[in-house]
Amino acid sequence: QPDEQWRVWLGYSRRKAEIAIPDPSAPANRGKQIEDVPRWLTNVGAEWQVFPMLKFSAWGNGQGNDYVERTNTLGR
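Residue numbering for the sequence shown follows the UniProt record's numbering, beginning at 1 and increasing consecutively.
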């Protein structure tokens, strides 16, 4: 933290979610990315303690693209 009145943070995670054992009716899906699971997530924020009873804060979150269906052929 820059000083006693300020606090900042940043977070990042990367995920790998693949179909290991596909449905028997769709064996071609093996190794495809699981739908609706973004590859990465992030968050960032800051707080400013102006007075003991007054604090301002701002933050944001983000995520990577994800497939919307199991075959990974439609957009991300």
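C-beta atoms are modelled at their ideal positions from N, C-alpha and C, and glycine is treated no differently.
Where residue i falls, given that 16 or more other Cβ within 10 Å makes a residue buried
| i | result |
| --- | --- |
| TYR12 | exposed |
| GLN33 | buried |
Proximity to residue i [Cα-Cα], best of the options
| i | options | result |
| --- | --- | --- |
| ARG70 | GLY31, ARG14, GLU4 and TRP9 | GLY31 |
| ASN72 | GLN5, ASN61, VAL37 and GLU4 | VAL37 |
| residue 78 | VAL68, ASP23 and GLY60 | This structure cannot settle anything about residue 78, because the visible part of the chain is limited to 1 through 76. |
| ASP3 | PRO24, GLN49, MET53 and ILE21 | GLN49 |
| residue 84 | ILE21, SER25, GLY64 and GLU47 | The shown model of the chain, from 1 to 76, leaves out residue 84, and the question about it has no answer. |
Beta-carbon spacing of residue i, residue j below 8 Å
| i | j | result |
| --- | --- | --- |
| TRP40 | ARG15 | yes |
| TRP9 | GLY62 | no |
Whole-Å CB distance - residue i paired with residue j, under 8 Å assumed
| i | j | result |
| --- | --- | --- |
| GLU35 | ASP66 | 7 Å |
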